[in-house]
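Asks: Each residue of the sequence shown is one higher than the one before, starting from 488 at the first, in the working numbering.
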Amino acid sequence: MFVAPDYPRGTLADVLPGALAALGLPGADPLGLAARLDGVRRVAVLLVDGMGWHQLPALAEVGPVIAATLRGELGAALRTTCGFPSTTPTSLVSLATGALPGAHGVLAFNTIVPGTGRVLNHTLWADDPPPRQWVPVPPRYGAAAAAGIDVTVVNRPEYAGSGLTVATSDGARYLPAADADELAAGMLGALKEAAAPALVYGYHPQLDKAGHGHGLTSAQWADAAAEVDTLLARLVGGLPEDAALLVTADHGQLDVPFDRRIDAHADPALAAGVRVVTGEPRVRYLHTEPGAAADVAAAWRELAGHAAWIGTRDEAIATGWYGPVDARHAARLGDVVAVCRDN
């Protein structure tokens with residue numbers, strides 16, 4: 488289902504500002520994390536890729552830590568939303584910068600680089616375009632370090648130095664961790680060794696990979712879910728006395744039956760007038776031939792019906808889903824935007 492971001496009540500972009508507020512860095516805290524973390528001097532933030540709210544009951548079936556949390560016996564579960572679209576690059580940049588997508592500019596998994604015709608896959612991004620130009624909003628880590636907060640990022644070694652990593656980790660010490668065991672050891676080690684106040688961020692990708700590769704009812708996904716719970720148990724059990732653990736996610740996942748999928752490349756009516764398709768499977772950006780946007784939007788509306796919202800770039804911006812959109816970023820959206828409503 489499509490869930491619009493609830494920016495006034497706080498989203499994923501407010502997690503780090505709230506955690507840093509608890510550690511003494513002034514800033515907005517709509518999630519109220521500073522009050523929840525009163526007295527805490529070290530904060531660990533773990534992002535589990537693909538662990539959306541609607542996946543938690545299934546995770547609890549194989550994970551005693553998550554089950555205890557959902558029962559209210561261990562910490563508290565706070566339901567919130569991410570930005571739009573709910574895709575890994577967009578969410579990771581929102582988390583790191585505290586900015587909404589329209590401000591930071593990573594508006595989909597893939598976007599066109601305006602003026603070039605080139606499509607940028609943010610997960611394969613090296614240094615072109617330059618990260619600090621493409622994402623003009625810096626991560627919160629630099630400001631935190633300047634305020635005396637020790638900041639560490641623990642992430643996969645293969646991600647070090649990538650465009651997405653620079654955009655999301657600049658200003659923090661980067662520790663490589665090749666698997667869940669190394670992730671737990673790295674996060675706990677950084678928490679214990681740092682002089683308080685300290686913030687440690689860790690990223691775990693395996694649940695998302697299992698969901699994409701095998702589906703949410705697969706044995707592989709169940710194994711990945713159990714690994715997540717083991718990771719959580721190790722982190723909770725190893726926290727210093729003055730530390731707290733925040734666990735969040737970049738998006739959820741769902742299994743879409745084959746009969747609910749629309750192959751835009753197989754239907755000539757959908758391809759007519761379209762130069763380039765970017766975005767991601769549930770949010771498509773259609774870059775059209777000059778003057779063709781209205782006809783393209785009409786053709787897609789006719790085929791999709793209620794299953795998708797179809798609108799022009801200006802109409803998509805007007806929904807507020809991206810937050811206020813910086814004029815420098817608007818051309819990264821398609822001339823026509825298609826958003827799946829149903830599963």
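In this text, a Cβ means the ideal position worked out from N, Cα and C, and glycines have one as well.
May I ask which residues mark the beginning and end of the alpha helix (DSSP H) holding ILE804?
Replies: Unbroken alpha helix (DSSP H) run through ILE804: 800 to 805.
Asks: Can the beta-carbon of GLY537 be found less than 7 angstroms from the beta-carbon of ASP754?
Replies: No, the Cβ-Cβ distance between GLY537 and ASP754 is not below 7 angstroms.
Asks: Rounding to the nearest angstrom, what Cα-Cα distance links THR655 and MET674 in this structure?
Replies: Their backbone Cα atoms lie some 17 angstroms apart in a straight line.
Asks: Apart from the five residues just before and just after SER578, which ones in its own chain have a Cβ nearer than 7 angstroms to its Cβ?
Replies: Within the same chain, SER578 has close Cβ partners LEU499, CYS569, GLY570, ASP737, HIS738.
Asks: Return helix, strand or coil for TRP796, following the three-state DSSP convention.
Replies: Looking at TRP796 - three-state DSSP - the assignment turns out to be strand.
Asks: Which of helix, strand or coil does DSSP assign to ASP637?
Replies: In this structure, ASP637 counts as strand in the three-state DSSP scheme.
Asks: Leaving out the 5 sequence neighbours to the left and right, which residues in its chain are closer than 6 angstroms to ARG769 when beta-carbon positions are compared?
Replies: Result list for ARG769: CYS827, in chain order.
Asks: Between ALA759 and LEU790, what straight-line distance do the alpha-carbon atoms span, to the nearest angstrom?
Replies: The alpha-carbon atoms of ALA759 and LEU790 are separated by roughly 13 angstroms.
Asks: On the DSSP letters alone, give me the boundaries of the alpha helix (DSSP H) that ALA711 sits inside.
Replies: Counting along the chain, the alpha helix (DSSP H) containing ALA711 begins and ends at 706 to 725.
Asks: Following the continuous alpha helix (DSSP H) through HIS752, name the residue where it begins and the one where it ends.
Replies: Note, HIS752: premise wrong, no alpha helix (DSSP H); not H, not E.
Asks: In chain order, which continuous runs of the alpha helix (DSSP H) of length 4 or greater are located wholly inside the region 564 to 613?
Replies: 575 to 584, 588 to 591, all fully within the region 564 to 613.
Asks: Pick helix, strand or coil for LEU773, following the three-state DSSP scheme.
Replies: Note: LEU773 maps to strand in three-state DSSP.
Asks: Starting from GLY702, follow the alpha helix (DSSP H) in both directions and report where the run begins and ends.
Replies: Neither: GLY702 is in no alpha helix (DSSP H) and is coded neither H nor E.
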